[in-house]
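For the sequence shown, the residue numbers in the working numbering are 299 to 470. Where a beta carbon is used, it is the ideal one built from N, C-alpha and C, also for glycine. This one's a predicted model, so the numbers in the text were calculated from it and none came from an experiment.
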Amino acid sequence: MIDAIVPAFLPAGTRTPCHDRGELFIHPIRSAPTKADTAEAKALCAQCPIKAACADHAIQRGERDGIWGGLTPAERRARRRPDCGTESGWRSHVQRDESCLTCREAHDDRLREQRLKRLTREHATHGGSLAGYRLELLLGLPTCVRCRAVRHEYYANQPHPGKWYRRSSAAA
Ligand code: SF4
Ligand SMILES: [Zn+2]
Ligand SMILES: [Zn+2]
């Protein structure tokens, strides 16, 4: 049991504070450790000379279970560097309120690609549409004659925006 949780970068037979308390770190039966086990495991890690290296090792390897370097799985996930350039990396930055140019550019590229695909679908399905018109504006493209015609017709059939206001103020 203990061999499985002592970091692999340590020489065989190394004794760390956890070496005979494996059950506190990854319990053989329970799927989630108790609060008391977690607190005790963290207290042992606090005395360990390789605490920082142990935590780094587990974070890099993406260890999912147990306490490593005094950190729970959730604490390790929070410290893990986002996978920059991917959508999950972008979401991690947003959650942490961080800015990352690589992730933002990659996210914008994906968004643009999705919008272009939607615009192609709008044109193929409807010829022109309001949604197509909005997509053309969002993409910074010149609006096409078919989408403009649909928009023109839509707004021509809407009540005049100032009508309500004029009517209510006239009644008052
Ligand atoms: S930091 Fe904790 S889990 Fe890592 S080797 Fe030390 S006592 Fe064991
Ligand atoms: Zn990033
Ligand atoms: Zn169009």
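Considering only their Cβ atoms, is the gap separating residue j from residue i smaller than 7 Å?
i    : j    : result
I365 : A339 : yes
C382 : C352 : no
G346 : T314 : A small fix is needed here, since residue 346 is Cys in this sequence, not Gly. Taking 7 Å as the Cβ cut-off, C346 and T314 qualify as a contacting pair.
E434 : T423 : no
L428 : Y453 : no
G425 : A447 : no
G438 : L417 : no
R362 : P371 : yes
Run the CB neighbour count on residue i, radius 10 Å, all protein chains shown included, and call it buried at 16 or more, exposed below.
i    : result
G367 : buried
V443 : exposed
H405 : buried
P331 : buried
P457 : exposed
E403 : exposed
R374 : buried
R379 : exposed
S390 : buried
A344 : exposed
L322 : buried
H450 : exposed
R369 : In the sequence as displayed, the identity of residue 369 is Leu instead of Arg. Buried, since its Cβ has 16 or more Cβ neighbours within 10 Å.
Which partner residues of residue i appear in the DSSP bridge assignment?
i    : result
L369 : W366
* Asked: Residues with a Cβ closer than 6 Å to any heavy atom of ligand 3, in chain order?
  -> Each of H421, G426, G430, E434, C442, R444, C445 has a C-beta closer than 6 Å to some heavy atom of ligand 3; these make up the full list, in chain order.
* Residues near ligand 2, CB to any non-hydrogen atom under 6 Å, in chain order? -> P380, C382, G387, H391, C398, T400, C401
* **Inside the segment 379 to 439 only - alpha helix (DSSP H) runs reaching at least 4 residues** => 385 to 394, 399 to 424, 428 to 436
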